[in-house]
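Everything below concerns the one structure shown next.
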Amino acid sequence: MLTSNKLNIFNMDLRDLENFFISMGERSFRAAQIMKWIYHKHVIDFDTMSNISKLLREKLAKCSELRLPEVVSELVSKDGCHKWLIRIDNSNCIETVFIPEIDRGTLCISSQIGCPVDCSFCATAHQGFNRNLTTAEIIGQVWLATNSLGGYTHGGNRIITNIVLMGMGEPLLNFCNVVKSIALIQDDLGFGISKRRVTLSTAGVVPALYRLRDISEVSLAVSLHAPYDKLRDELVPLNRKYPISELLKACNYYIAGKPYRRITWEYVLLDGINDSVQHATALAALLKYIPSKINLIPFNPFPEARYRRSSPETMTRFRDVLMKHGLTAITRRTRGDDIAAACGQLAGEVQARGRGRRTSQVF
Ligand code: SF4
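In terms of the numbering used here, the sequence shown opens at residue 2 and continues consecutively.
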């Protein structure tokens, strides 16, 4: 892939663009004009932007560009899910998934090439870690998926209604680019997705959660997967640095004073590992006082996996224990597993850096 010294406009949110135009001696309203072309009309050719003078278009083309990553392939599953393999550079590709449902369409985007968190049940972790994605590479996934799905709306209805940062990578380890991407996703001049329909999923980077609360309006999903530190240390190694008690404190802070906020807890059920009645009871005790919803996720196998999926009976029993304790718990339906697009299956193509394939020493 060719590199360029020009400024990529996909890396800029509204404020950046206003400053960019001011630095060129132009008026700041040009920022809104260009964003409408890019995100509303889906135009990325300066020459087509008819309300921008020829002179300014030429100036823009000299110092800036609208550069997107490149779609390598698109797979469509039997249940209608789409998975795109997206080339970031000569050695690395990431994956992006669209999950259509009757009342919504959810796009699951990636924030890093691979992931350094190294959760033991996750295919992305087995790829190792290369680097953070830029804002343009994160936002580019939304732009390319929209393009591939035939535009923003179908029959007057939005095609992509929800966005989850739940693909490859730990979003809070790529804080600035992720926060800027969320701003562009939610901005009416950007993709205009409502605040409550954008969800960031984290394994629990505690200091970043404190920062995030005050600068971004995004719903939070937390990958918990175990009610005890000893077990969570094994499943989510980040727990060794930020144990459950600290994570819960940060989550309570995240929702404090924001009555509409609650935490979605992700809990992948692994046969014989974290799926007993005792685990469910301990989980219920842990979350009793936090406004919560618990997503129970059937484990989705991948070639190197050392776990098995819990039986349907075990999953039902686990959910029933949580519900008996007054918690909202749902078992997530597996989608897109025939194209390896289900939760925990995203792999892409990652040229891992650092010692060995796994790089959990990064954080
Ligand atoms: S589950 Fe999420 S945080 Fe954990 S390794 Fe996979 S992508 Fe990273």
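Quick reminder that beta carbons are idealized off the backbone N, C-alpha and C, glycines included.
Just so you know, these numbers come straight off a predicted model, no measurement behind them.
Across the set 353, 63 and 349, the C-alpha of 349 shows the shortest separation from the C-alpha of residue 168. Remark: C-beta atoms of residue 343 and residue 301 approach each other more closely than 8 Å. With 5 Å as the limit between CB and the heavy atoms of the ligand SF4, the residues that fall short of it are 116, 118, 120, 123, 125, 126, 171 and 204. In the DSSP assignment, residue 296 forms a beta bridge with 267 and 331.
A straight-line Cα-Cα distance of about 39 Å links residue 306 and residue 9. Around residue 97, the same chain offers 84, 85, 87, 108, 109, 110, 111, 142, 145, 146 and 168 as residues with beta carbons nearer than 8 Å, after the five sequence neighbours per side are excluded.
Taken through DSSP and simplified to helix, strand or coil, residue 70 comes out as coil. By the Cβ neighbour-count rule, residue 260 is exposed, with fewer than 16 other Cβ atoms within 10 Å of its own. Judged by DSSP in its simplified three-state form, residue 222 adopts strand. When only Cα atoms are considered, residue 134 and residue 276 end up about 34 Å apart.
Three or more beta-carbon pairs drawn from the region 66-85 and the region 326-344 are found closer than 8 Å, and the two stretches are therefore classed as touching. By the Cβ criterion, the region 248-255 is in contact with the region 206-222, since at least three pairs of Cβ atoms, one from each stretch, lie closer than 8 Å.
Residue 246 has its alpha-carbon roughly 23 Å from the corresponding atom of residue 324.
DSSP, read as helix, strand or coil, puts residue 176 in helix.
Taking the C-beta atoms as reference points, residue 203 is found no nearer than 8 Å to residue 220.
According to the DSSP assignment, residue 278 belongs to the alpha helix (DSSP H) that extends over 278-288. In this structure, residue 297 sits near residue 319, with a CB-CB distance shorter than 8 Å. Nearest C-alpha to residue 56 among 354, 27 and 216: 27. Rounded to the nearest whole angstrom, the CA to CA distance from residue 321 to residue 89 is 43 Å.
Apart from the 5 residues on each side of it in sequence, residue 48 sits with its Cβ closer than 7 Å to the Cβ of 58 in its chain, given in chain order. Annotation: residue 95 to residue 351 spans about 8 Å, alpha carbon to alpha carbon.
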